[in-house]
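Down below is the structure, laid out as structure tokens.
There are 2 protein chains.
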Amino acid sequence: MNEHLTISDNDAIAEQSPSAREQEVLSVVLDLMVEEGDGFSMASVARRASCSKETLYRWYGDRDGLLTATVQWQASKVAMPILDDTNLTLSAFSRTLRDFASSWLTVLTSDVSIALNRLAVSHAGNNKSSLGRIVLENGPYAMRTRLLPIFLKGQKAELIDVRGDEAFRLFFGLVIADVQIRALLGDEKKPTRNEIQEFAQKAVDQFLSLCGKQQNQ
Amino acid sequence: MNEHLTISDNDAIAEQSPSAREQEVLSVVLDLMVEEGDGFSMASVARRASCSKETLYRWYGDRDGLLTATVQWQASKVAMPILDDTNLTLSAFSRTLRDFASSWLTVLTSDVSIALNRLAVSHAGNNKSSLGRIVLENGPYAMRTRLLPIFLKGQKAELIDVRGDEAFRLFFGLVIADVQIRALLGDEKKPTRNEIQEFAQKAVDQFLSLCGKQQNQ
DNA sequence: ATAGAACCGTACCGTACGGTACTGCAATGT
DNA sequence: ACATTGCAGTACCGTACGGTACGGTTCTAT
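For the protein sequence lines, the chains are A and B, in the order given. Just so you know, we're using the working numbering here: the first sequence kicks off at 12 and counts up by one. Just so you know, we're using the working numbering here: the second sequence kicks off at 12 and counts up by one.
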């Protein structure tokens with residue numbers, strides 16, 4: 012956890028970005044998560060990261076702390092793709108949504124995301140270990156937070172007409188559908204790059220068709 | 012595993028329905044799954060089911076066998092709701108879909124289903140233990156198998172126009188959306204009975220609006 | 001009535017892993 | 001040069017759990 016008890020800035024805001032060495036460790040954890048799921052041991056982390064278990068425990072307190080730090084680090088890496096809001100044309104709006112959907116699907120079907128979500132799901136059962144909450148906040152909730160302003164702009168430009176909540180739920184369903192749960196359950200048949208493109212395009216078309224202002228409703 | 016090595020009908024087809032005593036055991040496992048997730052021990056099962064660990068191992072081989080038997084038993088309990096296909100009106104078709112969606116959402120948000128899916132998701136990571144596959148087959152795949160003939164009838168009656176695959180994906184997305192993954196990640200805010208009704212109705216309306224023959228497309 | 005199987009309860013074993021303690025080394029600051 | 005500090009590496013400890021063994025009891029079949 013935060014900068015190794017340097018005399019200067021302890022407590023403070025916490026949540027500092029991890030040092031290079033720490034990132035090595037967290038990266039190892041991420042790899043092991045992908046390879047072995049939740050089953051990896053602290054010893055295996057120490058071995059592969061060439062550090063001592065004692066160091067792991069000094070930095071992260073316990074296993075759960077290490078997992079939490081890893082999850083938060085990974086979450087912090089997903090950049091917030093800001094949308095330029097000057098262009099209000101339907102085609103630009105549609106393109107933005109399509110790119111977002113495509114990127115979303117790509118992330119969700121990546122090995123790291125699958126491993127992370129599996130971990131969070133299994134830890135959400137056992138109380139303790141706020142991993143589920145963290146992934147929830149950095150997954151669905153974060154996507155919601157990113158999408159709502161986009162929808163709002165679309166609404167302002169009279170391109171769509173729908174309440175924010177419903178817009179998110181609808182968009183989520185159309186884009187993700189059964190892709191994520193199937194991936195989590197180990198379905199080998201993951202969508203290809205092309206299929207993701209098609210899914211994204213189709214989902215956006217359907218989204219606009221359902222709550223767009225152009226024709227129906 | 013199957014009838015305790017009675018001299019008569021061993022091997023045969025396997026997969027016999029469990030005896031009353033076995034169902035007691037499996038029911039205990041289900042309860043423990045809901046309470047403690049994957050963390051429960053074989054000893055706790057034996058204790059609560061008032062049986063010996065030795066019996067558990069004789070019947071199910073190992074822990075994974077017990078989990079598998081439990082999952083399969085639970086899956087076998089979900090009845091296949093057959094649709095009467097004489098009525099081909101749009102309203103009857105819509106009502107059938109709505110009831111299906113509503114029932115689906117209710118099941119997915121139940122404690123047992125959440126616990127079961129959590130278990131399957133976490134075991135899908137660790138190789139071994141075909142639990143993920145089993146839940147996949149009895150979850151999404153089974154739903155698909157049940158829905159496809161319904162869609163086909165709707166298509167025959169010229170109520171909808173869409174390929175079966177796409178119809179399922181679309182229907183799944185519109186109905187489930189982010190409900191399941193949020194539940195799996197431990198989101199406390201589960202939809203109420205009323206919200207489920209609304210979700211189901213709205214999803215069916217959207218589904219028919221998107222691929223129905225009445226107006227657009 | 002009696003043999004045999006199933007089974008409960010419990011004690012037991014091996015192992016794996018989370019967490020701690022200790023030793024030595026290497027870097028840093030004075 | 002020397003003390004201090006952080007860390008790698010390893011040995012160690014306690015515990016929890018999967019799996020097995022065994023004694024005693026109940027049920028079943030002949």
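Glycine residues also receive a C-beta, built at the ideal position from the N, C-alpha and C atoms. It should be emphasised that the depicted structure is a prediction, and the values quoted were computed from it without experimental measurement.
| task | Verify the CB distance criterion: does residue 103 of chain A have a CB-CB separation below 8 Å to chain B? | result | In the first sequence, residue 103 of chain A corresponds to position 92, counting from 1. No, residue 103 of chain A lies away from the interface with chain B (no Cβ there is under 8 Å from its Cβ).
| request: Could you tell me the distance, in whole angstroms, from the CA atom of residue 21 of chain B to the CA atom of residue 29 of chain B? | output: Position 10 of the second sequence holds residue 21 of chain B. Position 18 of the second sequence holds residue 29 of chain B. At residue 21 of chain B, the pLDDT of 33 sits below 50, so the modelled position is not reliable; the number obtained from the coordinates is stated separately. Each residue's alpha carbon lies about 14 Å from the other.
| Where the alpha helix (DSSP H) containing residue 179 of chain A begins and where it ends | Locating residue 179 of chain A in the first sequence gives position 168, counting from the first residue. 175 to 187 is the extent of the alpha helix (DSSP H) around residue 179 of chain A.
| query | If you measure from the beta carbon of residue 206 of chain A to each beta carbon in chain B, is any gap under 8 Å? | reply | As a working mapping, residue 206 of chain A is identified with position 195 in the first sequence. Residue 206 of chain A does not count as touching chain B.
| said: So residue 195 of chain B contacts chain A; which residues on that side make the cut at Cβ distance below 7 Å? | reply: Mapped onto the second sequence, residue 195 of chain B falls at position 184. The contacting residues are 132, 135.
| Can you tell me the Cα-Cα spacing of residue 133 of chain A and residue 117 of chain B, whole angstroms? | Within the first sequence, the letter at position 122 stands for residue 133 of chain A. Within the second sequence, the letter at position 106 stands for residue 117 of chain B. About 21 Å.
| request: Could you check if residue 16 of chain A is buried or exposed, using at least 16 other CB atoms within 10 Å of its CB as the buried criterion? | output: Taking the first residue of the first sequence as position 1, residue 16 of chain A is located at position 5. At residue 16 of chain A, the pLDDT of 31 sits below 50, so the modelled position is not reliable; the number obtained from the coordinates is stated separately. Residue 16 of chain A comes out exposed.
| Range of the contiguous alpha helix (DSSP H) that encloses residue 143 of chain B | Numbered from its first residue, the second sequence carries residue 143 of chain B at position 132. Run containing residue 143 of chain B: 142 to 147, per the alpha helix (DSSP H) assignment.
| query | Any residues in the region 113 to 129 of chain B with a beta carbon nearer than 7 Å to a beta carbon of chain A? Which ones, in chain order? | reply | 126, 129
| said: What does the alpha-carbon distance come out to for the pair residue 82 of chain B and residue 78 of chain A? | reply: The residue labelled residue 82 of chain B in the question sits at position 71 within the second sequence. The residue labelled residue 78 of chain A in the question sits at position 67 within the first sequence. In a straight line, the C-alpha of residue 82 of chain B is about 29 Å away from that of residue 78 of chain A.
| Does any CB atom of chain A fall closer than 8 Å to the CB of residue 144 of chain B? | The sequence position of residue 144 of chain B within the second sequence is 133, counting from 1. Cβ-Cβ to chain A under 8 Å: yes for residue 144 of chain B.
| Does the separation of the CB atoms of residue 195 of chain A and residue 146 of chain B fall below 8 Å? | Here the question's residue 195 of chain A lines up with position 184 in the first sequence. Here the question's residue 146 of chain B lines up with position 135 in the second sequence. Not a contact, by the Cβ cut-off of 8 Å.
| said: Please return the same chain residues whose Cβ sits closer than 7 Å to the Cβ of residue 113 of chain A, not counting the five positions on each side in sequence. | reply: Against the first sequence, residue 113 of chain A aligns to sequence position 102. For residue 113 of chain A, where only same-chain residues beyond five positions count, the Cβ hits under 7 Å are 207, 208, 211.
| field | C-alpha distance - residue 222 of chain A paired with residue 39 of chain B, whole-angstrom precision | value | Here residue 222 of chain A refers to the residue found at position 211 of the first sequence. Here residue 39 of chain B refers to the residue found at position 28 of the second sequence. Cα to Cα, residue 222 of chain A sits roughly 47 Å from residue 39 of chain B.
| Taking 8 Å as the CB-CB cut-off, is residue 41 of chain A touching chain B? | Residue numbering aside, residue 41 of chain A sits at position 30 when the first sequence is read from its first letter. For residue 41 of chain A, the answer is no, since every Cβ of chain B falls outside 8 Å of its Cβ.
| query | By the criterion of Cβ-Cβ separation under 8 Å, what are the contact partners of residue 162 of chain A in chain B? | reply | Residue mapping note: residue 162 of chain A aligns to position 151 of the first sequence, counting from 1. Near residue 162 of chain A there are no residues of chain B at all, since even the closest Cβ is about 15 Å away, more than 8 Å.
| task | Would you mind working out which of A:52, A:31, A:101 sits nearest residue 168 of chain A, comparing C-alpha positions? | result | The residue labelled residue 168 of chain A in the question sits at position 157 within the first sequence. When each option's Cα is compared against that of residue 168 of chain A, the closest is A:101.
| By the 10 Å Cβ neighbour count, where 16 or more other Cβ atoms means buried, how is residue 46 of chain A classified, buried or exposed? | Working through the first sequence from its first residue, we reach residue 46 of chain A at position 35. Exposed, since its Cβ has fewer than 16 Cβ neighbours within 10 Å.
| query | How is residue 50 of chain A classed by DSSP in three states: helix, strand or coil? | reply | Here residue 50 of chain A refers to the residue found at position 39 when the first sequence is read from its first residue. Helix.
| How big is the Cα-Cα spacing for residue 151 of chain A and residue 163 of chain A? | Against the first sequence, residue 151 of chain A aligns to sequence position 140. Against the first sequence, residue 163 of chain A aligns to sequence position 152. Approximately 18 Å between the Cα atoms of the pair.
| task | Express the C-alpha separation of residue 71 of chain A and residue 203 of chain A in angstroms, rounding to a whole number. | result | Within the first sequence, the letter at position 192 stands for residue 203 of chain A. Within the first sequence, the letter at position 60 stands for residue 71 of chain A. Each residue's Cα considered, the two are about 38 Å apart.
| query | Of the choices A:178, A:182, A:36, whose alpha-carbon is the least far from that of residue 66 of chain A? | reply | As a first step, residue 66 of chain A must be located in the first sequence, where it is residue number 55. Ranking the options by Cα distance to residue 66 of chain A, first place goes to A:36.
| query | chain A beta carbons: is any one of them nearer than 8 Å to that of residue 180 of chain B? | reply | Position 169 of the second sequence, counted from the first residue, corresponds to residue 180 of chain B. Closer than 8 Å to some Cβ of chain A, the Cβ of residue 180 of chain B qualifies, so yes.
| request: For residue 138 of chain A, count neighbouring C-beta atoms within 10 Å of its own C-beta (all shown protein chains included) and say buried if the count is 16 or more, exposed if not. | output: On the first sequence, position 127 is the one that residue 138 of chain A refers to. With fewer than 16 Cβ atoms within 10 Å of its Cβ, residue 138 of chain A is classed as exposed.
| DSSP state of residue 72 of chain A, grouped into three classes? | Within the first sequence, residue 72 of chain A is the residue found at index 61, counting from 1. Reduced to three states, the DSSP call for residue 72 of chain A is coil.
| field | 8 Å Cβ cut-off: residues of chain A touching residue 78 of chain B | value | Position 67 of the second sequence holds residue 78 of chain B. None at all; the shortest Cβ gap to chain A is about 13 Å.
| message | On the DSSP letters alone, give me the boundaries of the alpha helix (DSSP H) that residue 217 of chain B sits inside. | response | Position 206 of the second sequence, counted from the start, is the residue given in the question as residue 217 of chain B. Looking at the DSSP string, the run of the alpha helix (DSSP H) that includes residue 217 of chain B is 204 to 222.
| query | Is residue 223 of chain A near the ligand COA, in the sense that its beta carbon is under 7 Å from a heavy atom of that ligand? | reply | The ligand content of the structure shown is nil, which means the ligand COA is not present either.
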